[in-house]
Amino acid sequence: MFQRIMVPIDLAHIDQLSRPLQVAADAARHYGAEVWYVAVTSDAPGSVARTPQEYQRKLDAFVAEQSTLHGQPTHGRVIISPDPVADLDDTLVDAIKDLGADLVVMGTHLPRHLDAVMPSHGGKVATHTKASVFLVRPQELSR
1 MFQRIMVPID LAHIDQLSRP LQVAADAARH YGAEVWYVAV TSDAPGSVAR
51 TPQEYQRKLD AFVAEQSTLH GQPTHGRVII SPDPVADLDD TLVDAIKDLG
101 ADLVVMGTHL PRHLDAVMPS HGGKVATHTK ASVFLVRPQE LSR
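First residue of the sequence shown? That's 1 in the working numbering, and the numbers climb one at a time after it.
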């Protein structure tokens, strides 16, 4: 059913993505799909890396770790954006099309009152792509 799964990640918050990462790995195992981890960053120095090349090396290490951990084909792509926060939704939609992803597994935040005026990234991505989008809530809500 699914052949290519895309997982948007933020290396600065990787500790909060254990559930979406596990869901993506489980789906990939079930469907025999490959997983693409996509990270969007700027070319300015940040908390994770000083350069896009350093960010790519860190993503490559993460991707290799996930491949070893789950025993599946994995790939990584860093996308450089002048303003990752403002461009994130459009950048992810473009990445889905470029990769030919048919499933996107995204972590989501806890619901907030601001969601009424500032919709989630997952909702925007789901309305602008043909891929299925699986939003995974953080552990705190699953209890």
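Note that CB positions come from ideal geometry on N, CA and C, so glycine has one too. A quick note: this is a predicted structure, and the numbers were derived from the prediction, not measured.
Can you grab the Cα-Cα spacing for the pair threonine 68 / valine 38, in whole Å? Position 68 of the sequence shown, counted from the first residue, corresponds to residue 68. Position 38 of the sequence shown, counted from the first residue, corresponds to residue 38. Between threonine 68 and valine 38, the C-alpha separation is close to 18 angstroms.
Continuous beta strand (DSSP E) stretch holding leucine 135: start and end: Walking along the sequence shown from the start, residue 135 turns up at place 135. Unbroken beta strand (DSSP E) run through leucine 135: 132-136.
Taking the CB atoms as reference points, tell me whether leucine 59 and leucine 11 lie closer together than 9 angstroms. Start at 1 with the first residue of the sequence shown, and residue 59 comes out as number 59. Start at 1 with the first residue of the sequence shown, and residue 11 comes out as number 11. Taking 9 angstroms as the cut-off, the Cβ atoms of leucine 59 and leucine 11 count as close.
What would DSSP say about arginine 57, mapped onto helix, strand or coil? The residue given as residue 57 occupies position 57 in the sequence shown. Reduced to three states, the DSSP call for arginine 57 is helix.
Opening and closing residue of the beta strand (DSSP E) in which alanine 39 lies: Along the sequence shown, one-based indexing puts residue 39 at 39. Alanine 39 -> beta strand (DSSP E) spans 34-41.
Taking only three categories from DSSP, how would you classify valine 105? In the sequence shown, residue 105 corresponds to position 105, counting from 1. Three-state DSSP puts valine 105 in a strand.
Taking the alpha carbon of histidine 75 as the point to measure from, which residue in Asp43, Leu17, Ser132 and Ala24 has its own alpha carbon closest? As a first step, residue 75 must be located in the sequence shown, where it is residue number 75. Selection Asp43, Leu17, Ser132 and Ala24 evaluated against histidine 75 yields Ala24 as nearest (Cα-Cα).
Determine the direct distance from the alpha carbon of methionine 106 to that of aspartate 87, and round the result to whole angstroms. Here residue 87 refers to the residue found at position 87 when the sequence shown is read from its first residue. Here residue 106 refers to the residue found at position 106 when the sequence shown is read from its first residue. One C-alpha to the other measures close to 17 angstroms.
Rounded separation between valine 63 and valine 85 - CA only: For the purposes of this step, residue 63 is identified with residue 63 of the sequence shown, where counting begins at 1. For the purposes of this step, residue 85 is identified with residue 85 of the sequence shown, where counting begins at 1. Roughly 23 angstroms between the two C-alpha positions.
Quick check on the burial criterion: 16 or more other C-beta atoms within 10 angstroms. Buried or exposed for arginine 143? Residue mapping note: residue 143 aligns to position 143 of the sequence shown, counting from 1. The predicted model places arginine 143 with a pLDDT of 49, which falls under 50 and marks its position as unreliable; any figure quoted below should be read in that light. Burial call: exposed.
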